[in-house]
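Numbering (our numbering), first residue to last: 6 to 464.
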């Protein structure tokens, strides 16, 4: 669609002409995210308040144009891209930490706050905000809430929804509401906060977030365990959890992932490593030593060929940097990546890994797996050339991966969301009755289908 000049001028009056992008070159930058291409929006706006967002949505309902909320555009499923033009609302101006309450352990932030910057700020007070998606140094809290982002820390500390106490939300029809509480408990009425978290910007526009904080752990130790066979690494994951040890993080990398990582951020690993576990334990100094020793014993029992433990923060950061840059390093294999983030029960991790190895041979394209092994969340990257043949193979591989995931009692997405890239597969996991119920909720909140249309449910 193409917005009428009158509508554009009305929006300029709301946010200020200097806070609108109208040139094709500027608007095109908001037509894609970290994976998916969409339509070029008709206008990009940068509001400074919930009141301005409300005025835009009231206009949208009057003139029936789409509105797409956007954080930093780091998503991997198309959740923040237009599919029919319309207006993209970017929250880079609404980026203030409004309050850090050290007595009640909460923070109040605007959606444009960068996750890492919040973590750094609360750490000055001896506090900790655990959710840490791989993009944490440049993704925003608002986007994290919209997708219910996770990250390595989710094994011990949970995901974004576990830290959202309340929200200020502009409903699709323009009303501004406040949900949730500033207390650790609250059961008055329906839990609308949980409904908005992970809704991918389809039910409301989040303009303020109340977050729970926890005390910063005193110490941590990082453990690097190397295995000749990838299945041994997978067995070690289950053995560690079975021993009632809960690391703060437990990351897995297969052989191809290790090779990519070494090319981008060399760790000096020996040749021929089939699997790697990067584990972190935290707490008081004495407890982390005990935990680290138990883990070291277990991984050697599961045929680890090397296990190193460090409490040096610089060394730990070097190891984590290699893991966090892995997603980009995979492009050393091929120029196009299809990234999925399936989850299976921990007991079925070895089964999934063997299935992925078989699929790589069957389809004749590289399939890498890495990610949050402690909670069964695997990032599966299908690396292909930009040819019709490879894209057809990748489509078959994605379907096969999803079918195997569901067969193993898993789910199609642990933290990336559905967006547009997974919407065609949602019926593999959810029943028609469940999908119908979700669509009724969407219709109730957004009767004119103004807000982020075409996401989650195939149109």
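Glycine included, every Cβ here is placed at the ideal spot set by N, Cα and C.
A quick note: this is a predicted structure, and the numbers were derived from the prediction, not measured.
Should residue i and residue j be called a contact, given that it needs their Cβ atoms to be closer than 7 Å?
{"i": "residue 144", "j": "residue 178", "result": "no"}
{"i": "residue 26", "j": "residue 49", "result": "yes"}
{"i": "residue 350", "j": "residue 414", "result": "yes"}
{"i": "residue 203", "j": "residue 153", "result": "yes"}
{"i": "residue 352", "j": "residue 361", "result": "no"}
{"i": "residue 380", "j": "residue 140", "result": "no"}
{"i": "residue 107", "j": "residue 130", "result": "yes"}
{"i": "residue 215", "j": "residue 111", "result": "yes"}
{"i": "residue 175", "j": "residue 212", "result": "yes"}
{"i": "residue 151", "j": "residue 205", "result": "yes"}
{"i": "residue 344", "j": "residue 75", "result": "no"}
{"i": "residue 341", "j": "residue 259", "result": "no"}
{"i": "residue 441", "j": "residue 386", "result": "no"}
{"i": "residue 225", "j": "residue 285", "result": "yes"}
{"i": "residue 236", "j": "residue 355", "result": "yes"}
{"i": "residue 399", "j": "residue 364", "result": "no"}
{"i": "residue 282", "j": "residue 244", "result": "no"}
{"i": "residue 453", "j": "residue 100", "result": "no"}
{"i": "residue 60", "j": "residue 19", "result": "yes"}
{"i": "residue 393", "j": "residue 287", "result": "no"}
{"i": "residue 347", "j": "residue 425", "result": "no"}
{"i": "residue 378", "j": "residue 257", "result": "yes"}
{"i": "residue 207", "j": "residue 456", "result": "yes"}
{"i": "residue 201", "j": "residue 191", "result": "no"}
{"i": "residue 368", "j": "residue 402", "result": "yes"}
Taking the continuous beta strand (DSSP E) assigned at residue i, which residues delimit it?
{"i": "residue 183", "result": "181-185"}
{"i": "residue 349", "result": "It is not in any beta strand (DSSP E) - residue 349 carries neither H nor E in the DSSP assignment."}
{"i": "residue 225", "result": "224-232"}
{"i": "residue 93", "result": "92-95"}
{"i": "residue 213", "result": "210-217"}
{"i": "residue 438", "result": "Note, residue 438: premise wrong, no beta strand (DSSP E); alpha helix (DSSP H) at 437-450."}
{"i": "residue 197", "result": "No beta strand (DSSP E) holds residue 197; the alpha helix (DSSP H) holding it covers 197-201."}
{"i": "residue 105", "result": "102-106"}
{"i": "residue 114", "result": "111-114"}
Quick test of your reading: residue i and residue j, contact by CB under 8 Å. State the CB separation rounded to the nearest angstrom.
{"i": "residue 300", "j": "residue 250", "result": "6 Å"}
{"i": "residue 252", "j": "residue 308", "result": "That pair is no contact at about 19 Å."}
{"i": "residue 172", "j": "residue 184", "result": "5 Å"}
{"i": "residue 82", "j": "residue 422", "result": "5 Å"}
{"i": "residue 133", "j": "residue 62", "result": "Incorrect: roughly 35 Å between the Cβ atoms, too far for contact."}
{"i": "residue 88", "j": "residue 43", "result": "5 Å"}
{"i": "residue 324", "j": "residue 227", "result": "6 Å"}
{"i": "residue 31", "j": "residue 85", "result": "Not quite, the Cβ-Cβ distance comes to about 16 Å (not below 8 Å), so this is no contact."}
{"i": "residue 357", "j": "residue 383", "result": "7 Å"}
{"i": "residue 156", "j": "residue 138", "result": "4 Å"}
{"i": "residue 462", "j": "residue 445", "result": "With 8 Å as the limit, residue 462 and residue 445 do not qualify as a contact, their Cβ atoms being about 11 Å apart."}
{"i": "residue 90", "j": "residue 118", "result": "Between residue 118 and residue 90 the Cβ distance is about 28 Å, and since that is not below 8 Å, they are no contact."}
{"i": "residue 315", "j": "residue 321", "result": "6 Å"}
{"i": "residue 92", "j": "residue 113", "result": "Going by Cβ atoms, the distance from residue 92 to residue 113 rounds to 27 Å, so no, they are not a contact pair."}
Could you tell me if residue i is buried or exposed, where buried requires 16 or more neighbouring beta carbons within 10 angstroms of its beta carbon?
{"i": "residue 14", "result": "exposed"}
{"i": "residue 248", "result": "exposed"}
{"i": "residue 123", "result": "buried"}
{"i": "residue 255", "result": "buried"}
{"i": "residue 466", "result": "The question about residue 466 has no answer here: the residues shown for the chain are numbered 6 through 464."}
{"i": "residue 128", "result": "exposed"}
{"i": "residue 289", "result": "exposed"}
{"i": "residue 429", "result": "exposed"}
{"i": "residue 397", "result": "exposed"}
{"i": "residue 109", "result": "exposed"}
{"i": "residue 240", "result": "buried"}
{"i": "residue 275", "result": "exposed"}
{"i": "residue 372", "result": "buried"}
{"i": "residue 136", "result": "buried"}
{"i": "residue 458", "result": "buried"}
{"i": "residue 388", "result": "buried"}
{"i": "residue 277", "result": "exposed"}
Looking at the unbroken alpha helix (DSSP H) that takes in residue i, where does it start and where does it end?
{"i": "residue 148", "result": "146-152"}
{"i": "residue 317", "result": "Neither: residue 317 is in no alpha helix (DSSP H) and is coded neither H nor E."}
{"i": "residue 128", "result": "120-128"}
{"i": "residue 160", "result": "159-162"}
{"i": "residue 172", "result": "Segment 169-175 is the beta strand (DSSP E) holding residue 172; no alpha helix (DSSP H) there."}
{"i": "residue 334", "result": "331-334"}
- request: Enumerate, from N- to C-terminal direction, the unbroken alpha helix (DSSP H) stretches of 4 or more residues contained entirely within the region 349-407.
  value: 354-368
message: Please give me, in chain order, every unbroken run of the beta strand (DSSP E) with length at least 3 that falls completely inside the region 233-309.
response: 254-259, 280-288
- prompt: Which ranges would you report for the beta strand (DSSP E) in the region 13-73 if only whole runs of at least 3 residues count?
  reply: 48-50
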